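Structure first, commentary second.
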Amino acid sequence: MVHPVYADLPTTIFEVMSGLAREHGAINLGQGFPDEPGPLAVRQRAASESVEGYNQYPPMRGLPALREAAARHYARFQGLDLDAGTEVTVTSGATEALAAAFLSLISPGDEVVLFQPLYDAYLPMVRRAGGIPKLATLKPPHFRIDRAMLEAVFSPRTRMVVLNNPVNPAATLWADEDLALLAEFCVAHDAVAVCDEVWEQIVFEGRTFKPLMAFPGMRERTVKIGSAGKMFALTGWKVGFLCAAPALMKALAGAHQFLTFTTPPNLQAAVAWGLDNSADWFAAMPGDLQRSRDRLTAGLTDAGFKVLPAAGTYFLNVDLAASGIDEPDHAFCLRAAKDHGVAAIPISAFYEEDAPTHLIRLCFAKGDGTLDAGVERLARARGQPNPSSRP
Ligand code: PMP
Ligand code: GLN
């Protein structure tokens, strides 16, 4: 009756923790979404497009205005030269873009290289498409790769590599030399790289984000995925981008047309406008989030927590063991949400095997008051371990 991938699939940890936060009235530092409502002008544009604009089916690959704006955006920020007509498709969020990529580019039995920790949507979708996951594990605190690690997971049957950069949940940015090494393996094995780069606009300390597509040999074999939800702090909008050379795009668009076919045109038009008119927003966002990261880090450090460095995304990780807390991540997070009114995400949820159980992820895209209250509640949670909540 039920496909084996879905038979025992648990509910995603983001929904579980947000559900607990709602139930217990907890501060939600778990699921990644900002407190603030997103740029007013972009939201106003969506409103006026809903009232005065065109609200019937837009073209299957997306409004030309948005595809052109996305191509300009990626030229401006990442030096890419994408043809809006043949190399950009608009999707209903990055999630749909990932599904389209896996469904259209994986054949049963193809090996797919992925890196742990991994965003929780990847494995079920890869498996449902018939792919055989080959997992390499990035180790805290630096989450780097090396040649031996890649040699262990690549084989003549490798068809695809899935890269997430910046990394959710590790909050790291892949080093240039690691990207170059990965590109070398993709070329040598004639593999496609599916690059989930939804956090591309959120990197700190003035770092620049480099797409894998820009590395030698990768232009024709990369599927680049973006998310306007992340770019504009509008996570509920679910407007995403697929970017790829025309031969790949033909297959991707084939899958997209029977997943969602199109994405709401009012939101597409607003994002198109936003991409061309948000220089101030894009300039300010990383600095604003960096200040929030630093505030949360300082508060947690003062409260005796050991915080891992965060170079990108709006997440940071706390090392429970190094903070003197001898409790598995999942048990700590359940207790923190239920008994102390603060939700976090256990990092073990991002692993299929050999999961570390001493790290939790916190979202800092929140107002100062929320962050301060979150620290206070986490400090209370650390003070009162409750052995009965352990699994
Ligand atoms: N990939 C990663 C790594 C993410 O963190 C997220 C959402 N936070 C997504 C994909 C999904 O993006 P969207 O909401 O645009 O579907
Ligand atoms: N990507 C978001 C996060 O990491 C959650 C998205 C979702 O709930 N599916 O928190």
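When we follow this note's numbering, the leftmost residue of the sequence shown carries the number 22, and every step to the right adds one.
Just so you know, even glycine gets a beta-carbon here, dropped at the ideal spot from N, CA and C.
Computed from a prediction, not measured in an experiment: that's the story for all the values here.
The ligand GLN never approaches residue 247 closely enough for any of its heavy atoms to be under 6 Å from the residue's Cβ. For the set 391, 165 and 302, the Cα lying nearest the Cα of residue 60 is the one of 302. Shortest Cα-Cα distance from residue 323 to any of 344, 108, 213 and 222 involves 344.
Look at residue 219: its beta carbon is less than 6 Å from one of the heavy atoms in the ligand PMP. For the 7 Å CB-CB criterion, residue 105 and residue 89 form a contact. In the same chain as residue 239, and ignoring 5 residues on each side of it, the C-beta atoms closer than 7 Å to its own belong to 204, 207, 214 and 233, in chain order. The residue among 145, 311 and 395 with its C-alpha nearest the C-alpha of residue 361 is 395.
Shortest Cα-Cα distance from residue 102 to any of 265, 196 and 304 involves 265. Judged by their CB atoms, residue 377 and residue 351 are not nearer to each other than the 7 Å cut-off.
In the three-state scheme derived from DSSP, where H, G and I count as helix and E and B as strand, residue 287 is classed as helix.
Ranked by how close their Cα comes to the Cα of residue 326, the residues 51, 347 and 310 have 347 in first place. Residue 132 carries a strand assignment under DSSP once its states are collapsed to helix, strand and coil.
For residue 116, the three-state secondary structure derived from DSSP is helix. Rounded to whole angstroms, the separation of the alpha carbons of residue 187 and residue 263 is 17 Å. In the DSSP assignment, residue 155 falls within the unbroken beta strand (DSSP E) covering 153 to 158.
Of the residues 220, 280, 398 and 267, the one whose Cα lies closest to the Cα of residue 254 is 220.
Judged by DSSP in its simplified three-state form, residue 368 adopts helix.
By the neighbour-count definition (other C-beta atoms within 10 Å, threshold 16), residue 312 is an exposed residue.
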